[in-house]
Amino acid sequence: MLNIEKGTGLRLGAWLDETGCQFCVWAPQAQRVELCLYDEQEVETARLVLPGRRGQYSFGHVHGIRAGQRYGYRVYGEPMDGLLFDGDKLLIDPYARAISRPLRWDADAYEGDSAAMQAKSVVVQDDFDWQGVTKPVISAQHTLVYEAHVKGFTKLHPAIPEAERGTYLGLCHPLMLTHLKTLGISSLQLMPVAAFMAEPRLEQLGLTNYWGYNPVAFFAPEPRYAVADAVTEFKTMVRELHRAGIEVILDVVYNHTAESGFDGPLLSFKGLDNSGYYSFDPGAHGPDFNRYANVTGCGNSVNLDHPNSLRLVLDALRYWVTEMQVDGFRFDLAVTLGREAGEFEPMGAFFKALMADPVLAGVKLIAEPWDIGPFGYRLGQFPSQWHEINDRYRDTVRAFWRGDGGKMADLATRLMGSRDLFPKNWRSPHTSINYLCYHDGFTLEDLVSYNQRHNQANGEDNRDGHGNNLSNNHGVEGPTLDPRISNLRLQQKRNLIATLLLSQGTPHFLGGDEMGRSQLGNNNAYCQDNQISWVNWQWRPEDERLLAFTRQMVALRASSEVFSNLRLCDDNWNGAQEHCHRVDWYHPDGHLLTAQDWQAPMGQAFAMDIGSLDEEGERWLVLFNASGYDIQFRLPPPAEGMEWVQTIDTATNDGLPFLPDDIKRQVAVGRAHSLKLLERVHPPLDAAGHHAP
56 MLNIEKGTGL
66 RLGAWLDETG
76 CQFCVWAPQA
86 QRVELCLYDE
96 QEVETARLVL
106 PGRRGQYSFG
116 HVHGIRAGQR
126 YGYRVYGEPM
136 DGLLFDGDKL
146 LIDPYARAIS
156 RPLRWDADAY
166 EGDSAAMQAK
176 SVVVQDDFDW
186 QGVTKPVISA
196 QHTLVYEAHV
206 KGFTKLHPAI
216 PEAERGTYLG
226 LCHPLMLTHL
236 KTLGISSLQL
246 MPVAAFMAEP
256 RLEQLGLTNY
266 WGYNPVAFFA
276 PEPRYAVADA
286 VTEFKTMVRE
296 LHRAGIEVIL
306 DVVYNHTAES
316 GFDGPLLSFK
326 GLDNSGYYSF
336 DPGAHGPDFN
346 RYANVTGCGN
356 SVNLDHPNSL
366 RLVLDALRYW
376 VTEMQVDGFR
386 FDLAVTLGRE
396 AGEFEPMGAF
406 FKALMADPVL
416 AGVKLIAEPW
426 DIGPFGYRLG
436 QFPSQWHEIN
446 DRYRDTVRAF
456 WRGDGGKMAD
466 LATRLMGSRD
476 LFPKNWRSPH
486 TSINYLCYHD
496 GFTLEDLVSY
506 NQRHNQANGE
516 DNRDGHGNNL
526 SNNHGVEGPT
536 LDPRISNLRL
546 QQKRNLIATL
556 LLSQGTPHFL
566 GGDEMGRSQL
576 GNNNAYCQDN
586 QISWVNWQWR
596 PEDERLLAFT
606 RQMVALRASS
616 EVFSNLRLCD
626 DNWNGAQEHC
636 HRVDWYHPDG
646 HLLTAQDWQA
656 PMGQAFAMDI
666 GSLDEEGERW
676 LVLFNASGYD
686 IQFRLPPPAE
696 GMEWVQTIDT
706 ATNDGLPFLP
716 DDIKRQVAVG
726 RAHSLKLLER
736 VHPPLDAAGH
746 HAP
């Protein structure tokens, strides 16, 4: 028979020691907390009252517990304002580091006693052999973020063992590591991997929350993506990615949970401290305490203005960084995390705590800088050490290459790191997370293939998803056999990729965009756990050419200080500038752009001259032509004894120079809908070893 003693209660969660396991949970208003133990078949074997109590904590020590033990809590108390105690509902430990199985909503099994439906918390032993592999620590200028879904990235890969497809182990298969390394990826950003549950509404429609933005346990890796042991396999994935020199960034969801609003299920937080973990509308009390603040659009909002909720999130972040060895985080709806008394506070407790924490202060922090609450759009307003997802960059680049007039000035601002949003001398040039496509929206293939969203499979009569995508199908909606349209679409993808990788800031790539991944026009595939969302590894010839072009552009950016780490002479972010750079902007006829040129309503073509002030230093010329006709560009002089050599031309099938003699001295042709990159070099040596005139 198991014995339970008071224990110490020094640490929240379940922690093994020499004789058993310490259990501790936050339940400030509870009258009694029961620890329920289960065997591997999830049959209840014991129910023990936690005997220890200190303030708002209940705790106990159980002898004989070992790693793998399943458990849960039942919490009893007097219903009061905002409290939802119900002893019939088995609760997941908010600090559970593993759960026994994927959690799926079952209305019948939830009725009455919910133990049959509920996944069980699992006691974890933290031992793992990291084999001496350490974190790669990628500098800001060498960071290229690549977003992928653990399941969808490998589910269709024919060369990965079938049992490992769609899993943590599949993601670190040597074939995947080779693909990421040869592409030049530095940082793999994974869509949510914390344990989650799909919304009951989706279950009723026969769909699921494929993306995973509906968490139930902030510490536990999702078991759907494991062959057997999610914790060990997640660590194995991180270790092998690190061995390959690739960082791991997690997309984390701390703004809401799967418990939804007042009529949502009790799964964990609600049954322990509903009024503390969640935010409520101002003045909500008594019968009105069901008015959850919903600045997330998901039924509830986690209240990081409460010290226990703040502690929970900080503890979870530290756990992923230390025990699971991840390198950074992308925070979903990050404005919600900074709300205090309902208002966003950029120097609030959450941000101060991260900055002061010795573990978290040095990791990569990426904000999705908005939520749907009042004044929820906060791009450019996060603390200086944060990166921010820049939708202004996305929209400007899309609009320019779609052919919208009057976008030149805004595009130039985006190319230079969006310093209107992230001011020089105050924010790093790498602050802006520049992206063309994200998981929510069109893929790159669909961006050039569809004018309208096609979300009928989502069960909402095509009303969900973005309605304004700044896309262009170039003549036909969806797939086509017309070679003219197909070639133009491929050219536009090269334009967009080249622009992304020649821009200042941190480039972000949506996984599969480098090889023509399509979602058949679905721009909100959050509920499509099928071939709509999964990456297709069966490539067309044009996909192979696009992949080769992308690798070429990534390598070019990595080798160029100008494009990866521009140092303008009037930007003191990095201190004194001994070898700084300059940028000049030219009209196609060769004169420097005037204010009138910048604001020309039909302007669609210009040149960017960017490089070192040193006449022998690195210097590039980028010719942008988003119009539908060829334009002759008069080139600025490169410097005495030097010449312009064409490096990239997106008007060709592979992006290489269109013709060897495409540059005639100081004139070059910018083809319709194309980008051309020229490099300043010394002319080739003649037979006598002299530079040719």
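Residue numbers (this note's numbering): 56 to 748. Using N, Cα and C, we set each Cβ at its ideal position, and we do this for glycine too.
According to DSSP, which residues form a beta bridge with residue i?
| i | result |
| --- | --- |
| Thr76 | Residue 76 is actually Cys in this sequence, not Thr. Answer is Leu71 and Val117. |
| Gly383 | Ile304 and Lys419 |
| Tyr309 | According to DSSP, which records beta bridges pairwise, Tyr309 is partnered with nothing at all. |
| Tyr128 | Leu90 and Leu146 |
| Ser729 | Asn680 |
| Phe399 | Arg394 |
| Arg539 | Per DSSP, none; premise fails for Arg539. |
How many angstroms separate the CA atom of residue i from the CA atom of residue j?
| i | j | result |
| --- | --- | --- |
| Phe311 | Asn329 | In the sequence under discussion, the amino acid at residue 311 is His, which differs from the Phe named in the question. Going from the Cα of His311 to the Cα of Asn329 covers about 13 Å. |
| Ser323 | Met252 | 12 Å |
| Asn517 | Gln511 | 5 Å |
| Val248 | Thr189 | 21 Å |
| Glu515 | Gln186 | 49 Å |
| Asp412 | Ser364 | 16 Å |
| Pro596 | Arg373 | 45 Å |
| Gly530 | Asp459 | 16 Å |
| Val149 | Val414 | The identity of residue 149 in the sequence shown is Pro, whereas the question assumes Val. The alpha-carbon atoms of Pro149 and Val414 are separated by roughly 21 Å. |
| Leu145 | Ser155 | 14 Å |
| Ala396 | Met402 | 14 Å |
| Leu392 | Ala408 | 12 Å |
| Ser176 | Phe140 | 19 Å |
| Ala422 | Leu305 | 12 Å |
| Arg469 | Tyr490 | 11 Å |
| Gly142 | Arg366 | 26 Å |
| Glu73 | Gln96 | 26 Å |
| Gln559 | His204 | 26 Å |
| Phe399 | Gln196 | 30 Å |
| Arg726 | Leu543 | 12 Å |
| Asp716 | Ala723 | In this predicted model, Asp716 has a pLDDT of only 48, less than 50, meaning its place in the structure is not dependable enough to derive any value. |
| Leu245 | His485 | 20 Å |
| Leu676 | His636 | 13 Å |
| Ala613 | Phe183 | 34 Å |
| Leu476 | Leu67 | 40 Å |
| Phe713 | Gln701 | Unreliable positioning characterises Phe713 in this predicted model, as indicated by a pLDDT of 49, which lies under 50. A coordinate reading is not provided. |
| Ala348 | Val271 | 19 Å |
CB of residue i to nearest heavy atom of the ligand PLP: below 6 Å?
| i | result |
| --- | --- |
| Gly725 | No copy of the ligand PLP appears in this structure; indeed no ligand is present at all. |
I'd like the list of long-range same chain contacts for residue i, defined as Cβ closer than 6 Å, with 5 residues on each side in sequence excluded.
| i | result |
| --- | --- |
| Asp94 | Thr100 |
| Phe564 | Tyr201 |
| Glu755 | Shown here, the chain extends from 56 to 748; a query on residue 755 therefore has no answer. |
| Gln124 | Val178 |
| Gln654 | none |
| Arg508 | Gly520 and Asn578 |
| Ser729 | Asn680, Thr705 and Ala706 |
| Gln380 | Val293 |
| Leu678 | Ala662, Phe688, Gly725 and Lys731 |
| Gly115 | Ile59, Gly62, Phe78, Leu105, Pro106 and Gly107 |
| Trp441 | Leu420 and Ala422 |
By Cβ distance, which residues of its chain are closer than 7 Å to residue i, with the 5 residues on each side in sequence left out?
| i | result |
| --- | --- |
| Arg606 | Thr237, Leu238 and Gly239 |
| Cys227 | Thr291, Met292, Glu295 and Leu296 |
| Leu260 | Gly514 |
| Tyr641 | Leu647, Leu648, Phe661, Ala662, Asp664 and Pro691 |
| Asn627 | Asn480 |
Spatial neighbours of residue i within its chain, please: CB distance less than 8 Å, with the 5 preceding and 5 following residues excluded, ordered by chain position.
| i | result |
| --- | --- |
| Glu254 | Trp160, Asn264, Asn269, Ala313 and Ser315 |
Any 3 or more C-beta pairs closer than 8 Å across the segment 272-281 and the segment 208-217: When Cβ pairs closer than 8 Å are counted between the two stretches, the segment 272-281 is seen not to touch the segment 208-217, the count staying below three.
Complete alpha helix (DSSP H) runs within the segment 493-526 (minimum length 4 residues, chain order): 499-502
Sequence ranges, alpha helix (DSSP H) only - wholly within the segment 417-488, length at least 4: Whole alpha helix (DSSP H) segments, 4+ residues: 446-457 and 463-470.
The segment 578-585 contacting the segment 631-649, beta-carbon criterion three pairs below 8 Å: no
Completely contained alpha helix (DSSP H) runs for the segment 355-381, where each covers 4 or more residues: 362-377
Minimum length 3: unbroken beta strand (DSSP E) runs contained in the segment 85-117: 87-93, 99-104 and 107-109
The segment 609-619 contacting the segment 421-429, beta-carbon criterion three pairs below 8 Å: no
Secondary structure, beta strand (DSSP E): runs of 3+ residues fully inside the segment 176-204: 200-203
Three-pair Cβ contact test at 8 Å for the segment 586-600 versus the segment 468-484: no
Ranges of the beta strand (DSSP E) found wholly within the segment 653-712, counting only runs of at least 3: 660-667, 674-680, 686-689 and 698-704
Segment contact flag, the segment 685-693 with the segment 565-579, C-beta cutoff 8 Å, min 3 pairs: Not touching, per the Cβ criterion.
Runs of alpha helix (DSSP H) wholly within the segment 222-306 (minimum 4 residues, chain order): 223-226, 229-238, 255-259 and 285-298
In chain order, each alpha helix (DSSP H) run of at least 4 residues that lies wholly inside the segment 617-654: If we require 4 residues or more, the alpha helix (DSSP H) runs fully inside the segment 617-654 come out as 650-653.
Those runs of the beta strand (DSSP E) which lie wholly inside the segment 559-627 and span at least 3 residues: 561-565
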